[in-house]
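One structure is given below, encoded as structure tokens.
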Amino acid sequence: MSFRFRPMPIGPTGTLSRPLVDVIVEGLDAAPQACLVDTGATAVRMSAEIAEAVGLDLAGAPEDEVVAGGMRVRGREANVDLTIVLDGRPVTWAAPVWFCEDWPQAFGLLGLRGFLDVFDLTMSGCDETFALTPRFA
Amino acid sequence: MAATSTFHMGGRQFAVTRADVERAARSELPAPVRDYYVVVRGRRYPPKQVLALLTGLPRSRFTTHHAVRTLRRLGFPVGRKPRAAGPARPSPAASAPDPVAALRAHAGQWVAVRAGDVLVAAADARTVVSWLSEHGQRADSMFRVPLDAAQASGIAPR
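Here it is in structure tokens:
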């Protein structure tokens, strides 16, 4: 399924279009989280606030330092169900996600492990479009 | 625009200012707008919600018309959501709102958006999710509106 880059406001007058896809975390379909498709990221990372919002208990979860947006932050890893809607059909997979404190980004990051190893990605910066195809049936 | 608006309601007399309205609205996130809305500090509220917060009276004690008139008198912009059904009226006023412009007012905040409209904006994600649940609303997307290009980039350190 193809997606268009989504324009976001930058400062008082600027605009930046980003390859964003809405991801439902742990079945919370009332609030899909906008995530950036990030081929430079090694994993799926998002704000720890999301874990709190969906009631994920991260106590005892593996903890480590994570680099995102030029900052080093603390993150905890949990295996969660993620869902995106492709052509009107929900596609769900289990992924390891790092939930990070003091998350410096506006969006979650969909990186290699847990996303790009699950979907084939085709992207055109010229057309500002990208397409995702799940590698599983 | 009146500096102070004086009105009778529920057997009491009220004299309120713009600052009173802004202070009252700060105490609650906006409820979903069904028809009329008033813009207070860049957010759309149902007029009756604002007047109820302002007076402490239940919403059943006054009409939307009364609330609109009171808030308009203090200089707050009042609008009406376009109806979903009905014949299309092609005019500049009827064109879709600019979703980027709608987001710009919420830089740095978590927002939930649907069809280009900001449903709710708050300082933290939990408040946004709670609001959606409380009001039975579903968003298309939720995120923090970037403050600058770096927050929207996903860049690694140099």
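Chains as they are written, first to last, in our numbering: chain A, 1 to 137; chain B, 138 to 295. Glycine residues also receive a C-beta, built at the ideal position from the N, C-alpha and C atoms.
Have a look at residue i and residue j and give me their C-alpha separation to the nearest angstrom.
i, j, result
"tryptophan 98 (chain A)", "glycine 60 (chain A)", "13 Å"
"arginine 135 (chain A)", "serine 278 (chain B)", "24 Å"
"alanine 53 (chain A)", "histidine 272 (chain B)", "16 Å"
"proline 195 (chain B)", "valine 176 (chain B)", "21 Å"
"serine 270 (chain B)", "phenylalanine 130 (chain A)", "32 Å"
"leucine 36 (chain A)", "phenylalanine 144 (chain B)", "51 Å"
"valine 187 (chain B)", "valine 215 (chain B)", "12 Å"
"alanine 259 (chain B)", "valine 266 (chain B)", "10 Å"
"glycine 108 (chain A)", "methionine 146 (chain B)", "48 Å"
"leucine 364 (chain B)", "alanine 244 (chain B)", "With chain B covering 138 to 295 only, the question about residue 364 (chain B) has no answer from this structure."
"arginine 160 (chain B)", "phenylalanine 280 (chain B)", "26 Å"
"arginine 217 (chain B)", "alanine 48 (chain A)", "37 Å"
"serine 138 (chain A)", "arginine 171 (chain B)", "With chain A running from 1 to 137 in the structure shown, residue 138 (chain A) is simply not present."
"valine 118 (chain A)", "arginine 209 (chain B)", "54 Å"
"aspartate 127 (chain A)", "proline 7 (chain A)", "13 Å"
"alanine 225 (chain B)", "aspartate 261 (chain B)", "Confidence at alanine 225 (chain B) is low in this model, with a pLDDT of 47, below 50, so the placement of that residue is unreliable and no value is reported for it."
"phenylalanine 199 (chain B)", "serine 164 (chain B)", "20 Å"
"glycine 193 (chain B)", "arginine 241 (chain B)", "32 Å"
Can you tell which of the options has its C-alpha closest to the C-alpha of residue i?
i, options, result
"leucine 112 (chain A)", "A:Val44, A:Glu63, A:Pro9", "A:Val44"
"glycine 140 (chain A)", "A:Val80, A:Val73, A:Gln105", "Here chain A has residues from 1 to 137 only, and residue 140 (chain A) is not among them."
"tryptophan 103 (chain A)", "A:Arg18, A:Thr92, A:Val73, A:Glu77", "A:Val73"
"threonine 201 (chain B)", "B:Lys185, B:Val158, B:Ala259, B:Arg209", "B:Lys185"
"glutamine 288 (chain B)", "A:Gly40, A:Ala78, A:Pro9", "A:Pro9"
"arginine 251 (chain B)", "B:Asp261, B:Ala262, B:Pro236, B:Ala242", "B:Pro236"
"leucine 28 (chain A)", "A:Gly75, A:Pro90, A:Pro62, A:Val66", "A:Pro90"
"glutamate 101 (chain A)", "A:Thr122, A:Leu121, A:Met46, A:Asp120", "A:Met46"
What does residue i reach in chain A if we use C-beta pairs closer than 8 Å?
i, result
"valine 237 (chain B)", "Pro7, Met8, Pro9, Thr15"
"glutamine 301 (chain B)", "Because chain B spans 138 through 295 in this model, residue 301 (chain B) falls outside it and cannot be assessed."
"serine 270 (chain B)", "Ala30"
"valine 266 (chain B)", "Leu28, Ala30, Ala31, Ala53, Val54"
Tell me whether the beta-carbon of residue i lies closer than 9 Å to the beta-carbon of residue j.
i, j, result
"glutamine 150 (chain B)", "alanine 30 (chain A)", "no"
"proline 183 (chain B)", "valine 257 (chain B)", "no"
"valine 306 (chain B)", "tyrosine 173 (chain B)", "Only positions 138 to 295 of chain B appear in the structure, and residue 306 (chain B) is not among them; the question remains open."
"alanine 51 (chain A)", "leucine 110 (chain A)", "no"
"leucine 82 (chain A)", "alanine 68 (chain A)", "no"
"leucine 132 (chain A)", "leucine 86 (chain A)", "yes"
"aspartate 57 (chain A)", "glutamate 77 (chain A)", "no"
"alanine 189 (chain B)", "arginine 178 (chain B)", "no"
Can you name the residues of chain B whose CB is closer than 7 Å to the CB of residue i?
i, result
"alanine 106 (chain A)", "Phe280, Arg281, Val282, Pro283, Gln288, Ala289"
"arginine 18 (chain A)", "Ala289"
"aspartate 22 (chain A)", "Asp277, Ser278"
Mind pulling the chain A residues with CB within less than 7 Å of residue i?
i, result
"aspartate 261 (chain B)", "Glu49"
Taking Cβ-Cβ distances shorter than 9 Å, what residues in chain B pair up with residue i?
i, result
"aspartate 87 (chain A)", "By Cβ distance, chain B contributes nothing, its closest Cβ being about 16 Å from aspartate 87 (chain A), past 9 Å."
What residues of chain B sit near residue i, judged by a beta carbon separation below 8 Å?
i, result
"aspartate 120 (chain A)", "The premise fails here: aspartate 120 (chain A) is roughly 20 Å from chain B at the closest Cβ pair, so nothing lies under 8 Å."
"alanine 34 (chain A)", "Ser278, Met279, Phe280"
Mind checking whether the beta-carbon of residue i lies closer than 8 Å to any heavy atom of the ligand MN?
i, result
"valine 176 (chain B)", "As for the ligand MN, it is missing from this structure, which has no ligand bound."
For a contact defined as C-beta to C-beta under 9 Å, what are the partners of residue i on chain A?
i, result
"aspartate 172 (chain B)", "What aspartate 172 (chain B) touches in chain A: nothing, since even the nearest Cβ is about 23 Å away."
Inset, instruction - Report the residues of the region 40 to 52 of chain A with a CB closer than 7 Å to any CB of chain B, ordered along the chain. - result: The region 40 to 52 of chain A vs chain B, Cβ under 7 Å: Gly40, Ala41, Ser47, Glu49, Ile50, Glu52.
Legend entry - Cβ-based contacts, 8 Å cut-off: residues of the region 237 to 259 of chain B near chain A: Sequence-ordered contacts of the region 237 to 259 of chain B with chain A read Val237, Ala238, Leu240, Arg241, Ala244, Trp247, Ala249 [C-beta pairs closer than 8 Å].
Legend entry - Residues in the region 148 to 161 of chain B having any Cβ partner in chain A nearer than 8 Å: Within the region 148 to 161 of chain B, no residue has a Cβ that lies closer than 8 Å to any Cβ of chain A.
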